[in-house]
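Structure, as structure tokens:
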Amino acid sequence: MKSTLPAALCMVCLCVSSCSSDAPVDNPGGGGEAAAGGSSPSAGATATAGTSASGAGGTRPSGSGGTSPSTSGSAALAGEGGSDASGGMSEGGAGSESSGEAGQPSAGSPAAGDPQLPPIVGECPELKTGTVSVSGLSGISLQVGAKQPGGALVFYWHGTGSSANEVNLLIPSGVRQEILAEGGIIVSFDDSLGTGGDCSGTKTFSKDDFKIADQIAACAVRDHGIDPRRIYTTGCSAGGLQAGCMGAARSSYVAAVVPNSGGQVGQQAIQDPDHVPAVMTMHGGASDKVIVSFATTSAAYDERMSKAGSFVVNCNHGGGHCDAPAALYTAGWEFMKAHPFGVAPEPYDSGLPMSFPDYCAPY
Numbered sequence: 000m001k002s003t004l005p006a007a008l009c010m011v012c013l014c015v016s017s018c019s020s021d022a023p024v025d026n027p028g029g030g031g032e033a034a035a036g037g038s039s040p041s042a043g044a045t046a047t048a049g050t051s052a053s054g055a056g057g058t059r060p061s062g063s064g065g066t067s068p069s070t071s072g073s074a075a076l077a078g079e080g081g082s083d084a085s086g087g088m089s090e091g092g093a094g095s096e097s098s099g100e101a102g103q104p105s106a107g108s109p110a111a112g113d114p115q116l117p118p119i120v121g122e123c124p125e126l127k128t129g130t131v132s133v134s135g136l137s138g139i140s141l142q143v144g145a146k147q148p149g150g151a152l153v154f155y156w157h158g159t160g161s162s163a164n165e166v167n168l169l170i171p172s173g174v175r176q177e178i179l180a181e182g183g184i185i186v187s188f189d190d191s192l193g194t195g196g197d198c199s200g201t202k203t204f205s206k207d208d209f210k211i212a213d214q215i216a217a218c219a220v221r222d223h224g225i226d227p228r229r230i231y232t233t234g235c236s237a238g239g240l241q242a243g244c245m246g247a248a249r250s251s252y253v254a255a256v257v258p259n260s261g262g263q264v265g266q267q268a269i270q271d272p273d274h275v276p277a278v279m280t281m282h283g284g285a286s287d288k289v290i291v292s293f294a295t296t297s298a299a300y301d302e303r304m305s306k307a308g309s310f311v312v313n314c315n316h317g318g319g320h321c322d323a324p325a326a327l328y329t330a331g332w333e334f335m336k337a338h339p340f341g342v343a344p345e346p347y348d349s350g351l352p353m354s355f356p357d358y359c360a361p362y
């Protein structure tokens, strides 16, 4: 299936840390039409966490559908804990030395296996569709479904030189409509605080942006009924690297990570080694390269997270940069739904759903 991604976005500039911070970049994400979701699930279809997706695509047997944890409970608020790697990452690097952050006082003792959300600091944004400022960072795009308990929260990170609107160009409209129909929220960052270190070397986003994500997540759980076990992240190019970094740096509450031409160019310390998010990497072949090979960065992330205990699926669509087809992004959403925080047993132990493209395979 052809991707709805404009050709210009496939050329989005991504530099590693040796690049100049003022390198010229394209700006493909500002404006444009939302991607058509022809192969996406119908809007409003309610998914059951822990069950495999249905459909005619692919050739593999469906997963066993495991038993997912309850989605009605709330997460305890806790300090950040863990450690964030300091400084930018360089291509193929072994990662920066990590420096610990002082955790904030816990507001409760979570039950074993519960996600641990940081406490709310200051005021929460109004959770409605539009653009908001959170903790001093402006230009944060929210797409918000009607309030109901159990919705998902999806953080999207755009590529270098792009904008918050990229989420509408890459994630099929049917997927976005389903997230919202279930009471979910889609968050897309336009800008960055620019502090705390860098996961990609591009300075497109920074590690302190995760503190903004913390605030949004905690507010969304408290004020909009978001299920704390259904918090996910995805993104393209530098944003795909940011999503991969978030999966490690916020493993205490991120349930699953689906990078599109992302992965890692260094190693971010895993915040909570007792919970490593499920991972589904999407990437192309030889042409999926902008400074670095994203087949290589995806493989590096797959290996690292798998060794840490994550269930990992790798999908090589063979196309270009950030060129994941709509059917693959739809499978990515099915993967998220099947992997709420702490799901057990693994719902795909018996194989991937038949609806997944046949180029996807467990790592």
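So in numbering that gives the first Met the number 0, the last one in the sequence shown is 362, and the numbering has no gaps at all.
Virtual Cβ for every residue (Gly too), placed ideally from N, Cα, C.
With fewer than 16 neighbouring CB atoms inside 10 Å of its own CB, Gly129 falls in the exposed class. With a cutoff of 8 Å on beta-carbon distance, Gln263 and Ala248 are scored as not near each other. Taking each of Asp357, Gln176 and Ala323 in turn and checking the Cα distance to Gly234, the smallest one comes out for Ala323. C-alpha of Gly283 to C-alpha of Ser297: approximately 10 Å in a straight line. Exclusion of the five residues before and after Cys314 leaves Met279, Thr280, Met281, Leu327, Pro356, Tyr358 and Cys359 as the residues of its chain whose Cβ lies within less than 7 Å of its Cβ.
Just so you know, the alpha carbons of Leu179 and Gly144 end up roughly 4 Å apart. Just so you know, the alpha carbons of Ser132 and Gly138 end up roughly 6 Å apart. Around the beta-carbon of Ala299, 16 or more other beta-carbon atoms lie within 10 Å, marking it buried.
Taking Gly238 as the centre and dropping the five residues before and after it, the same chain places the C-beta of Trp156, His157 and Gly158 closer than 6 Å to its C-beta, in chain order. Ser132: member of the beta strand (DSSP E) spanning Gly129 to Val133, first to last residue.
Per DSSP, Arg249 lies in no alpha helix (DSSP H) and is assigned neither H nor E. Under the DSSP assignment, Tyr231 falls in the beta strand (DSSP E) whose first and last residues are Ile225 to Cys235. Annotated three-state conformation of Met281 is strand, per DSSP.
In the DSSP annotation of this structure, Ala343 is not part of any beta strand (DSSP E), being labelled neither H nor E. Nearest in C-alpha terms to Ala330, of all of Leu141, Ser161, Pro118 and Val174, is Val174. Here the C-alpha atom of Ser205 lies approximately 15 Å from the C-alpha atom of Ser161. In the structure shown, Ala298 falls within a helical segment according to DSSP collapsed to helix, strand and coil. Under the DSSP definition of a beta bridge, Phe188 partners with Trp156. Gly182 is classed as buried because its beta carbon has at least 16 other beta carbons within 10 Å across all chains shown.
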